[in-house]
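So the sequence shown is numbered by the working numbering: it starts at 1 and just counts up by one.
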Amino acid sequence: FSPFTEPEPDHLMYKVNRSLKDRDRLSSIIPVANIRRSVHLLPKFGPVAPAQWKSTNVLDKC
């Protein structure tokens, strides 16, 4: 992935972009069991998250 630059103003997390080599993605498919935290799946939704999203249901609603 791309190197870190500036954190995003809405959530202060860093945006990364996938890396390419000869127009092919440099990536891997991982098992769902390897996802440790939901932040690995943070969507780009803008400055405000939908109000119905709660920590207890957000993964079911995404």
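Backbone N, C-alpha and C fix where the C-beta goes; we use that ideal spot for every residue, glycine too.
Query: Rounded separation between L20 and P7 - CA only; Result: 22 angstroms
Query: N-terminal and C-terminal residue of the alpha helix (DSSP H) that L26 is part of; Result: Taken as a continuous stretch (DSSP letters only), L26 belongs to no alpha helix (DSSP H), as it is neither H nor E.
Query: Cα-Cα separation between D24 and N17, rounded to whole angstroms; Result: 13 angstroms
Query: Contact under 9 angstroms by Cβ, D22 with G46; Result: no
Query: Rounded C-alpha distance that separates L12 from A49; Result: 14 angstroms
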